[in-house]
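Before any comments, here is the structure.
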Amino acid sequence: MESPVFSWNPLYDFQLMWSYPFMVNAFRAGAIVAVVAGAVGWFMVLRRQTFAGHTLSVVAFPGAALATLAGFSLSLGYFGFCVAAALVLALMRRGREPGGSEESAATGVVQAFLLACGYLFMALYKGLLEGPQALLFGSFLGITTGQVATLAVAGLAVLLALAVLGRPLLFASVDPQVAAARGVPVRGLSVAFLVLLGVATAEAAQITGALLVFALMVLPAATAQVLTARPGLSLLLTVVLGFGVTWAGLVAAFYWPYPLGFFVTSFAFGLFLLAHGARFAACALERRRDASGTAALAGGAA
Amino acid sequence: MNPVVAAEPQHNADQHNTKQQNPVPTAASAAGGPSEAGGQAAPVLCLCGAAVRVGGRTLWSGVDLEVQAGEFVAVLGPNGVGKSTLVKVLLGIMPAAEGEIRVLGRRPGEAGSRVGYLPQRRSFDPDLRIRGVDVVRMGLDGDRWGVPLPWSRNRREQQRRVDEVIELVGASGYAHRPIGQCSGGEQQRLLIAQALVRRPEVLLLDEPLDSLDLPNQSAVAALIGRICHQENVAVVMVAHDVNPILHHLDRVVYIAEGGAVCGPPSEVINSETLTRLYRTPVEVLSTQDGRLVVVGQPEAPAVHADRHDDGHGHGHGHGDRRGQSDRRGHGDRRAG
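Chain order of the listed sequences is X and Z.
Just so we're aligned, residue 1 is where the first sequence starts under this note's numbering, counting upward by one.
Just so we're aligned, residue 303 is where the second sequence starts under this note's numbering, counting upward by one.
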């Protein structure tokens, strides 16, 4: 394939990209993953469980590596390992206070070991062209229609579960004690959320790679939470931002010879910085208006 | 400065003593049963010979207490004596080892939304990006599964209830700010609104004045007193220092190691009763403005426990600083 040239005509560009089936699959997969990872990531950021998310994403790597080595389906490797790891994490947290987001050092130990295992599996399997790079940092080449279907089914299941659990989960995340007194099963929700986090991580890892999962899980959610404190709006904004950066990243990676993970992460990071800048400016403006307001009031009084 | 302070109710303990059914404070072991309330409406809360054991150790036993609608009861006692445990027992989170406990005529934990609860001080992360109004809202329907339908009529009604209760606690000015950015007193008012949003008949508060500054302590105390007496909500409040709530209170439960005494504040917090409860000489001093200081009790002094200076020096020190609101309260009392 000779390298295409970006024309600044979006209609033409998209027509061109749409003529390659692998790009169509990449866009579809990207859209699914962005929405699912954004929604789950929003709760993860709110619950301060980014370390759990990171652990799950690292587990995605040995899962995929083992699947490659042993020759079973890549999706099975991702989902199987991530969900299993989520259950193990839930088990390890069992004795703790509900809502506490501190993870023990044991989590870190297991994480390091699994990462090493993944590297071993990659070393044992010598046939892969790109080595561990694609698994760690993401790739959009060669996503099959079957893979897209799997992503869609798993993603739909996660979104449905989140729709049912969402309100009590929000309550349990923000105010665990009162939620528990109101009869919300705080512990059960915590386990259920870890499993959802496992599935969402497994999905995101297939696009951004195991190490850049946070580009879709944390950055859009953190950006949206900077911009608004309304839960519904913030969640919607997260999904929209995630979707936007993923598709923009795909377009960029199609036209320029740099990796997809880099583009998606950089776009998301740029938006995060912009959001912080905007909030800072808004605060400064408000302070100034307050100051002039009191000055005017004092003047009036005088 | 604060609408809550301005709206301070003219309640005083004396007035209530007259309609109290058991004017004589009884050492817990000798207290009468529930039949005492005779002709009155069924009590909202009822403990009869209640005891609690944690890890084989009896925290307290023989607690008899009846709370009527609209009564303000404080649970006092030294640290670690099991005051919060009493609230947890009433919530049904912890079982009672002995005795009979009824909350709104049912077993603890079964009265659902008719009981409001404010746990011991929780502060929100400063960068938690959730508005106060959302936290209040969670108290209304946060435990429901599924997605709320944006177009239902119910939703508008719920929104109105949330606004109403925020207005009631005087939090309208900051309810739309992220709750992590509100001050301690502001957060506490929003949390009280959250506990009140379902119109509970009983409000269980665990040290709601803890770690507030003095003006906020008296303002929040006045707010709770007003909710209790105007909205006819029975309030059971674990407190560490009785003075900010003293002139709103109808009754106190004083827990010491093993036993407990219930009765009107003036009859429980005195040298004689506390000496009998602790089985060691205890003196209760009253400052000029009516504040109480307990001296000589074993362990950390419970009334006024956390300040560092000794009991004597300190009643005066606070009296001066808090004088304003107290003095007004007393003025009202004399006028009424």
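Just so you know, even glycine gets a beta-carbon here, dropped at the ideal spot from N, CA and C.
* To which residues of the same chain is X:T246 closer than 8 Å at the C-beta, ignoring the five residues directly before and after it? -> Stepping through the first sequence from its first residue, residue 246 of chain X is reached at position 246. Counting only Cβ-Cβ distances below 8 Å, and skipping sequence neighbours, we find G30, A31, V33, A34, I207, L216 and V264.
* Asked: By a C-beta neighbour count over all protein chains shown, 10 Å radius and 16 as the cutoff for buried, is Z:V437 buried or exposed?
  -> To locate residue 437 of chain Z, count along the second sequence from 1; it is residue 135. Its Cβ being crowded by 16 or more others within 10 Å, Z:V437 is buried.
* **contact_flag[the segment 20-29 of chain X, the segment 135-149 of chain X] where n(CB pairs < 8 Å) is 3 or more** => Output reads yes: the segment 135-149 of chain X touches the segment 20-29 of chain X.
* With 16 as the cutoff for other CB atoms within 10 Å, does X:V5 come out buried or exposed? -> Taking the first residue of the first sequence as position 1, residue 5 of chain X is located at position 5. That one is exposed.
* So, does the CB of X:D290 fall closer than 9 Å to a CB anywhere in chain Z? -> Residue 290 of chain X sits at position 290 when you count from the first residue of the first sequence. For X:D290, the answer is no, since every Cβ of chain Z falls outside 9 Å of its Cβ.
* Asked: Just to confirm, are X:F137 and X:L89 a CB contact at a threshold of 9 Å?
  -> Along the first sequence, read from residue 1 onward, the residue named residue 137 of chain X stands at position 137. Along the first sequence, read from residue 1 onward, the residue named residue 89 of chain X stands at position 89. No, the pair does not count as a contact, with Cβ atoms beyond the cut-off.
* To do: Assign X:Y258 to one of three DSSP states: helix, strand, or coil.
  => Within the first sequence, the letter at position 258 stands for residue 258 of chain X. Here X:Y258 sits in coil by DSSP.
* **Segment limits, beta strand (DSSP E) that includes Z:L420** => Residue numbering aside, residue 420 of chain Z sits at position 118 when the second sequence is read from its first letter. Here the beta strand (DSSP E) through Z:L420 covers V417 to L420.
* Give the residues of chain X in contact with Z:R446, contact being defined as C-beta atoms less than 8 Å apart. => As a working mapping, residue 446 of chain Z is identified with position 144 in the second sequence. Within chain X, the residues whose beta carbon sits less than 8 Å from that of Z:R446 are R167 and P168, listed in sequence order.
* Confirm, please, whether the CB-CB distance from Z:A376 to Z:S363 is below 9 Å. => Stepping through the second sequence from its first residue, residue 363 of chain Z is reached at position 61. Stepping through the second sequence from its first residue, residue 376 of chain Z is reached at position 74. Not closer than 9 Å, so no.
* Note down, in chain order, every chain X residue with its Cβ under 8 Å from the Cβ of Z:L347. => Position 45 of the second sequence, counted from the first residue, corresponds to residue 347 of chain Z. Under the 8 Å cutoff, chain X gives no residues; its nearest Cβ is about 16 Å from Z:L347.
* Taking one C-beta from the segment 76-89 of chain X and one from the segment 58-66 of chain X each time, how about it: are there three or more such pairs within less than 8 Å? -> As far as the Cβ criterion goes, the segment 76-89 of chain X touches the segment 58-66 of chain X, which means the pair count is three or higher.
* Beta-carbon separation of Z:G418 and Z:A473 under 9 Å? -> For the purposes of this step, residue 418 of chain Z is taken as the residue at position 116 of the second sequence. For the purposes of this step, residue 473 of chain Z is taken as the residue at position 171 of the second sequence. The answer is no: Cβ separation not under 9 Å.
* the segment 447-463 of chain Z / the segment 477-496 of chain Z touching (three or more Cβ pairs under 8 Å) -> Fewer than three beta-carbon pairs drawn from the segment 447-463 of chain Z and the segment 477-496 of chain Z are found closer than 8 Å, and the two stretches are therefore not classed as touching.
* Going by the beta-carbon positions, is the gap between Z:L506 and Z:L392 smaller than 9 Å? -> In the second sequence, residue 506 of chain Z corresponds to position 204, counting from 1. In the second sequence, residue 392 of chain Z corresponds to position 90, counting from 1. Z:L392 is positioned such that its CB atom lies closer than 9 Å to that of Z:L506.
* To do: Let me know if X:A157 comes out buried or exposed under the rule of 16 or more other beta-carbons within 10 Å of its beta-carbon.
  => By 1-based counting over the first sequence, the position of residue 157 of chain X is 157. Counting C-beta atoms within 10 angstroms of its own C-beta, X:A157 has fewer than 16 neighbours from the protein chains shown and is therefore classed as exposed.
* **Under the three-state DSSP convention, the category Z:M539 falls into** => Walking along the second sequence from the start, residue 539 of chain Z turns up at place 237. The answer is strand: DSSP assigns Z:M539 an E or B state.
* Asked: Among X:A52, X:D13 and X:S19, which residue has its Cα nearest to the Cα of X:T201?
  -> As a first step, residue 201 of chain X must be located in the first sequence, where it is residue number 201. Here the closest residue by C-alpha is X:A52.
* Asked: Using the beta-carbon count (16 or more within 10 Å), is X:P220 buried or exposed?
  -> As a working mapping, residue 220 of chain X is identified with position 220 in the first sequence. A residue is called buried when at least 16 other Cβ atoms come within 10 angstroms of its Cβ; X:P220 meets this threshold and is buried.
* Of the listed residues Z:E509, Z:G384 and Z:E373, nearest to Z:H550 (C-alpha basis) -> Within the second sequence, residue 550 of chain Z is the residue found at index 248, counting from 1. Ranking the options by Cα distance to Z:H550, first place goes to Z:E373.
* What residue does the alpha helix (DSSP H) around Z:E459 start on, and which one ends it? -> Here residue 459 of chain Z refers to the residue found at position 157 of the second sequence. Residues R455 to L470.
* Asked: So, is X:G139 buried or exposed, given that buried needs 16 or more other C-beta atoms within 10 angstroms?
  -> The sequence position of residue 139 of chain X within the first sequence is 139, counting from 1. Looking at the sequence provided, one finds Ser at residue 139 of chain X rather than Gly. Only buried fits X:S139, as 16 or more other CB atoms lie within 10 angstroms of its CB.
* For X:A64, the nearest candidate out of X:W256, X:G41 and X:A204 (CA to CA) -> The residue labelled residue 64 of chain X in the question sits at position 64 within the first sequence. The option with the nearest alpha carbon to X:A64 is X:A204.
* Asked: With 16 other CB atoms within 10 Å as the buried threshold, where does X:P257 fall?
  -> Walking along the first sequence from the start, residue 257 of chain X turns up at place 257. When all chains shown are included, X:P257 counts as exposed.
* Asked: Counting only beta-carbon atoms, is X:T246 nearer than 9 Å to chain Z?
  -> Here residue 246 of chain X refers to the residue found at position 246 when the first sequence is read from its first residue. Look at X:T246: its C-beta is not under 9 Å from any C-beta on chain Z.
* To do: Could you tell me if Z:Y556 is buried or exposed, where buried requires 16 or more neighbouring beta carbons within 10 angstroms of its beta carbon?
  => Within the second sequence, the letter at position 254 stands for residue 556 of chain Z. Per the 10 Å Cβ criterion, buried.
* For Z:R609, count neighbouring Cβ atoms within 10 angstroms of its own Cβ and tell me buried if that reaches 16, exposed if not. => One-based indexing of the second sequence puts residue 609 of chain Z at position 307. Summary for Z:R609: the model assigns pLDDT 40, below 50, so the residue's position carries little reliability; its value from the coordinates is reported in the next sentence. Z:R609 comes out exposed.
* Asked: For X:R167, which three-state DSSP category applies?
  -> One-based indexing of the first sequence puts residue 167 of chain X at position 167. Taken through DSSP and simplified to helix, strand or coil, X:R167 comes out as helix.
* Compare the beta carbon distance of X:R48 and Z:S415 with 9 Å and say whether it is the shorter of the two. => Start at 1 with the first residue of the first sequence, and residue 48 of chain X comes out as number 48. Start at 1 with the first residue of the second sequence, and residue 415 of chain Z comes out as number 113. The answer is no: Cβ separation not under 9 Å.
* Asked: Any idea if Z:K385 is buried or exposed, counting beta-carbon neighbours within 10 angstroms, 16 or more meaning buried?
  -> The residue you call residue 385 of chain Z lines up with position 83 of the second sequence. When all chains shown are included, Z:K385 counts as buried.
* Within-9 Å CB hit, X:Q225 to chain Z -> Position 225 of the first sequence, counted from the start, is the residue given in the question as residue 225 of chain X. Yes, contact with chain Z.
* To do: Would you verify that the beta carbon of X:A229 is, or is not, closer than 9 Å to some beta carbon of chain Z?
  => In the first sequence, counting from the first residue as 1, residue 229 of chain X sits at position 229. Taking Cβ atoms only, chain Z reaches closer than 9 Å to X:A229, which makes this a yes.
* To do: Quick one: using the 10 Å Cβ neighbour count with 16 as the cut-off for buried, is Z:H614 buried or exposed?
  => Within the second sequence, the letter at position 312 stands for residue 614 of chain Z. Bear in mind that a pLDDT of 40 at Z:H614, under 50, signals an unreliable position, so the model cannot answer this.
* **Inter-residue spacing [alpha-carbon to alpha-carbon] between X:L241 and X:T223** => The residue labelled residue 241 of chain X in the question sits at position 241 within the first sequence. The residue labelled residue 223 of chain X in the question sits at position 223 within the first sequence. Their Cα atoms are separated by approximately 8 Å.
* Which residue comes first and which comes last in the alpha helix (DSSP H) that contains X:Y78? -> Residue numbering aside, residue 78 of chain X sits at position 78 when the first sequence is read from its first letter. Where X:Y78 is concerned, the enclosing alpha helix (DSSP H) stretches over L74 to M92.
* To do: Look at the alpha carbon of Z:V346 and the alpha carbon of Z:V538, and state the distance between them as a whole number of angstroms.
  => The sequence position of residue 346 of chain Z within the second sequence is 44, counting from 1. The sequence position of residue 538 of chain Z within the second sequence is 236, counting from 1. In this structure, the CA atom of Z:V346 is about 11 Å from the CA atom of Z:V538.
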